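Trainee: Note that the sequence shown covers residues 11 to 118 in the numbering used here. Mind having a look at this structure? Questions to follow.
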Amino acid sequence: MQFIRAIVRPEKKDEVLENLSAGGFNAATVVDVVGRGKQKGIRMGDVYYDEIPKTLILVAIEDGDRDRIVDIILKSARTGQSGNFGDGKIFISPVEEAYTVSTGSKGL
């Protein structure tokens with residue numbers, strides 16, 4: 011199993027979730043977050059924004075689905091033809107075990 015954490019622009023959240031669902035990946039956790047990337051925030055006129063609003067999408071998947079999920083997120087979250095700074099990041103980690111709380115069953 012793999013755990014995908016995708017940080018995307020808030021305005022791209024619905025598109026990413028719709029495309030994940032269309033690809034057969036309906037389960038996701040979504041959290042509104044703030045942060046900054048390599049660009050260290052953004053300056054607009056005299057105002058400096060140190061923390062930028064983002065959306066964190068969390069998805070647990072079977073190992074074989076990894077490339078499909080990453081491809082869906084990359085295509086859905088990218089802005090413009092070649093992307094822009096601040097489009098986001100995807101992090102992938104292994105999952106040792108998962109349990110369903112209501113049933114106690116092991117696995118996704």
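Just so it is clear, CB atoms sit at the ideal spot from N, CA and C, and this is done for glycine as well. These numbers were taken from a predicted model, which means no experiment stands behind them.
What would DSSP say about lysine 22, mapped onto helix, strand or coil?
Mentor: If DSSP states are grouped into helix, strand and coil, lysine 22 belongs with the helices.
Trainee: Output the residue ranges of the alpha helix (DSSP H) runs that lie fully inside the region 16 to 97 and measure 4 residues or longer, sorted by chain position.
Mentor: For the region 16 to 97, whole alpha helix (DSSP H) runs of length 4 or above, ordered along the chain, are 23 to 32 and 76 to 87.
Trainee: If you drop the 5 nearest sequence neighbours on each side, which residues of the same chain put their C-beta closer than 6 Å to that of phenylalanine 95?
Mentor: The answer, listed in chain order, is Gln49.
Trainee: What's the gap between the Cα of glutamate 21 and the Cα of aspartate 42?
Mentor: If I take the Cα positions, the gap works out to 11 Å.
Trainee: Determine the direct distance from the alpha carbon of alanine 70 to that of tyrosine 109, and round the result to whole angstroms.
Mentor: Computed Cα separation, rounded: 11 Å.
Trainee: Residues bridged to serine 103 by DSSP?
Mentor: Paired residues: Phe13.
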